[in-house]
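Taking the numbering used here, the leading residue of the sequence shown gets 1, the next gets one more, and so forth.
Here a beta-carbon is modelled for each residue, glycine too, at the ideal position from N, C-alpha and C.
Just so we're clear, the structure is a prediction, and the values are computed from it rather than from any experiment.
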Amino acid sequence: PGRADFSIGPAIVPQEGEDAIALMARVEKWIEDEMRVIDADAYGEVASKAA
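The following block contains the structure:
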């Protein structure tokens, strides 16, 4: 019982000269943006601002 939604996005690889902190920031942004797509209702008003 239950439901699991997931997304597989493009590979996120380090760009030339990018440090680990910047790479992780890009990863986190992708995850947060994708969560708003998967479950926009959970983000309420924030979801409409992200669009």
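Between the beta-carbon of E34 and that of G2 there is about 20 Å, and that puts the pair past the 8 Å contact cut. In this structure, DSSP gives V27 a helical state, which the three-state scheme calls helix.
With contacts defined by Cβ atoms closer than 8 Å, D5 and I31 do not form a contacting pair. Spanning the alpha carbons of A40 and K29 requires a straight line of approximately 15 Å.
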